[in-house]
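Take the sequence shown: its letter number 69 is residue 577 in the working numbering, and every next letter is one higher.
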Amino acid sequence: MLAKASAGIPAKAYVGIILAIVFLIAAALVPGTEALPKNGVLMLGIFAMAAALWICESLPVGITGLLALVLVLILGIAPAAETFSGFASPTMFYLLGAFSLSAVFSQTSYGMRLVVFFLRKTDGNGRLIVLAFMVAAALLSSVMSDTAAVLMFVAFAKGICDALGCKPKESNFGRCLYIGLLYASIVGGFATLAGGPNNMAVVQISGISIGFLDWMIVGVPMSIVMVPICWYFITRVFPPEEFSKEQFRAIVADIEERGSTTIQEKKALLFVIVLPVLWIAGNWIPILNVTTVALIGLVVAFLPGVRLLTWKQYQESVPWVVLVMIGCIFSMSTLMKNTGVIDFIGTLISGTGMFSLPFYVALLLYLLFAYSIFTLCPVGGVWEALFVPVLVGFCIQCGVSPTIAPFAILFAFGGNFLLPINPLNMYSYAYGYFSPGDLFRAGIFPALILIVLDA
């Protein structure tokens with residue numbers, strides 16, 4: 509029985525465990541220095557251990573994070589209150605409330621209705637149909653997680669492709685649609701703080717206060733610029749086939765026959781509109797901070813007479829593993845700051861001469877380096893915990909606003925267009941309409957443009 513179970517475990521899982529043990533032993537044996545005290549060495553070893561287990565998928569991501577924090581306690585690096593401080597962060601409670609947006613919206617047909625609205629404008633033009641889906645996905649991704657938006661729209665896309673007879677890996681329209689939905693969900697998530705858990709995560713890690721409207725001032729223009737750029741290159745690399753107007757009119761008619769908007773859906777739409785409005789109002793009314801509004805919204809969604817959600821629906825829509833992972837990352841980020849790891853890594857990067865270059869040249873090189881690392885090892889929280897604080901320090905050193913740091917790293921990591929090894933990319937890739945090579949060909953120029961715009 510044991511041999512049979514072991515046979516199903518990928519070899520890389522064992523590699524991750526071996527590397528984790530090696531990193532921990534090395535950290536125990538290496539003495540502390542003036543540049544990095546012993547607790548910093550141990551913390552760096554724990555971080556390397558966690559990164560190895562995350563990247564090699566040796567353990568569930570949440571369990572790996574909790575293991576790292578338990579080792580912090582066992583090795584006496586910090587007391588329990590500091591070790592688990594990330595779970596008491598206001599950002600964690602904001603995320604608990606903000607996930608109610610995705611949960612409420614997923615119970616409605618508005619995603620489908622939005623697609624129909626845009627389909628009417630395309631009149632069978634393949635390129636415009638792809639753009640219509642991308643705009644719809646980007647709009648919804650701005651107020652829900654990228655994952656929820658991708659999962660919602662790839663299901664719609666499958667119905668459209670099946671109705672049009674588009675075969676996986678044969679239809680350029682199918683390629684464009686599935687790659688386009690993925691890219692649009694990613695860049696649409698840049699628009700607001702509610703666009704995904706990573707948005708608030710990078711703000712928390714940076715230690716900088718950024719309001720909902722302040723975020724939108726930067727995020728909305730980036731989303732507006734990147735959606736057409738992605739669409740242009742996707743449809744240039746894979747020119748989609750054209751379809752007759754009659755085919756699309758039949759699809760639209762079929763969807764419209766499913767009924768009109770219900771009272772419950774109208775209440776859900778009001779909820780999804782009011783919550784972001786209150787977040788924006790928080791820029792002038794301090795009591796309406798993002799966490800308070802998110803939690804009040806969560807409570808309202810369950811009130812008798814409103815009842816937008818059941819507890820079961822909410823439980824099923826919240827990515828609990830992501831919350832555990834984020835709590836662990838917040839805690840580890842604080843611990844690495846307190847033990848000198850972040851300053852030590854910043855010193856190592858400075859030693860390359862990168863930070864002696866003009867600021868924007870150094871920033872561009874730094875973001876390209878960060879993007880390359882994340883493309884090959886897409887474990888967001890791990891690298892955010894390292895790259896954001898170092899960039900904050902560099903900005904302060906150069907007399908530049910450190911507010912740049914969370915945006916720069918989020919956009920760099922968010923634009924992970926090139927390989928399907930990112931779990932988010934996998935949701936779209938799993939339908940089989942494009943190959944890894946297709947994703948790289950369609951995404952290389954949008955990725956480079958994003959990095960340049962980011963810098």
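Just so it is clear, CB atoms sit at the ideal spot from N, CA and C, and this is done for glycine as well.
Given the structure is predicted, the values throughout are model-derived calculations rather than measurements.
As assigned by DSSP and simplified to three states, the class of residue i
| i | result |
| --- | --- |
| V580 | helix |
| V745 | helix |
| Y941 | coil |
| V538 | coil |
| W792 | coil |
| P914 | helix |
| M551 | helix |
| P518 | coil |
| E590 | helix |
| G673 | coil |
| I718 | coil |
| S880 | helix |
| V826 | coil |
| S841 | helix |
| G605 | helix |
| A543 | coil |
| G923 | coil |
| R507 | The displayed coordinates of the chain run from 509 to 963. Any statement about residue 507 would go beyond what the structure contains. |
| S649 | helix |
| I585 | coil |
| Q821 | helix |
| T847 | coil |
| F968 | Beyond the ends of the chain as shown, which are 509 and 963, falls residue 968; an answer cannot be given. |
C-alpha gap between residue i and residue j, whole angstroms
| i | j | result |
| --- | --- | --- |
| K770 | F948 | Note that residue 770 corresponds to Thr in the displayed sequence, not to Lys. Cα-Cα distance, rounded: 42 Å. |
| Y939 | P676 | 8 Å |
| L871 | A920 | 11 Å |
| N680 | E754 | 20 Å |
| A560 | G524 | 5 Å |
| M734 | L956 | 11 Å |
| F641 | G688 | 8 Å |
| A950 | F895 | 27 Å |
| M840 | G634 | 47 Å |
| I718 | V711 | 7 Å |
| F877 | V726 | 22 Å |
| G715 | A761 | 51 Å |
| A656 | S649 | 8 Å |
| S936 | Y686 | 6 Å |
| L926 | N846 | 35 Å |
| E565 | G573 | 12 Å |
| I917 | P897 | 10 Å |
| P497 | I668 | Outside the displayed range of the chain (509 to 963) lies residue 497, so it cannot be described from this structure. |
| N707 | R628 | 33 Å |
Own chain, CB closer than 8 Å to residue i, minus 5 neighbours either side, in chain order
| i | result |
| --- | --- |
| V612 | A776, F779, V780, A809, L816, L817 |
| F882 | G888, W891, A920, F921, N924 |
| L532 | G553, I554, M557, L579 |
| P1042 | No statement about residue 1042 is possible, as the shown extent of the chain runs from 509 to 963 and does not include it. |
| T842 | E590, S593, G594 |
| V900 | S714, G715, I716, P910, A913 |
6 Å Cβ shell around residue i - same chain, five flanking residues per side excluded
| i | result |
| --- | --- |
| L806 | G605, S608 |
| V801 | L786, W787 |
| L527 | A560 |
| C1049 | Summary: the structure shown does not reach residue 1049, with the chain confined to residues 509 through 963, and so no result is reported for it. |
| Y822 | A611 |
| G972 | Because the chain in this structure spans residues 509 to 963, residue 972 falls outside the shown range and cannot be described. |
| M724 | T700 |
Beta-carbon separation (whole angstroms), residue i vs residue j, contact threshold 8 Å
| i | j | result |
| --- | --- | --- |
| M730 | L961 | 7 Å |
| G599 | A702 | The residue asked about is misnamed: residue 599 is Thr in this sequence, not Gly. Actually they do not touch by this definition, with Cβ atoms about 13 Å apart. |
| L672 | F751 | 6 Å |
| Y868 | I959 | Not a contact, Cβ separation roughly 12 Å. |
| V728 | A699 | 5 Å |
| V580 | I563 | Contact flag wrong, Cβ pair sits at about 20 Å. |
| G697 | D670 | Not quite, the Cβ-Cβ distance comes to about 27 Å (not below 8 Å), so this is no contact. |
| M833 | M551 | Contact doesn't hold; Cβ gap of about 18 Å is too wide. |
| V651 | L690 | About 18 Å separates the two Cβ atoms, so there is no contact after all. |
| A576 | C906 | Not quite, the Cβ-Cβ distance comes to about 32 Å (not below 8 Å), so this is no contact. |
| T616 | E824 | The pair is not a contact, with the Cβ atoms about 16 Å apart (cut-off 8 Å). |
| S597 | F838 | 5 Å |
| L789 | L783 | Note that residue 789 is Ala in the sequence shown here, rather than Leu. Not a contact, Cβ separation roughly 11 Å. |
| T799 | V638 | Contact doesn't hold; Cβ gap of about 37 Å is too wide. |
Cβ shell of residue i (< 7 Å), same chain only, five flanking positions each side left out
| i | result |
| --- | --- |
| A511 | Note that A511 scores a pLDDT of 44, beneath 50, so its modelled location is shaky; the value from the coordinates is reported in the next line. Answer for A511: no residue qualifies. |
| R683 | F746, Y941, F942, D946 |
| I912 | C903 |
| F852 | A543, L544, G548 |
| P705 | L603, S653, V830, I834 |
| G848 | L544, P545, G548 |
| A534 | G553 |
| W792 | none |
Exercise for the section: Tell me, please, whether the segment 825–835 touches the segment 539–546 by the rule of three or more beta-carbon pairs shorter than 8 Å. Expected result: No: the two stretches stay apart, fewer than three of their Cβ pairs being nearer than 8 Å.
Problem - the segment 578–585 touching the segment 850–860, judged by at least three CB pairs closer than 8 Å - result: Under the three-pair Cβ rule at 8 Å, the segment 578–585 does not count as touching the segment 850–860.
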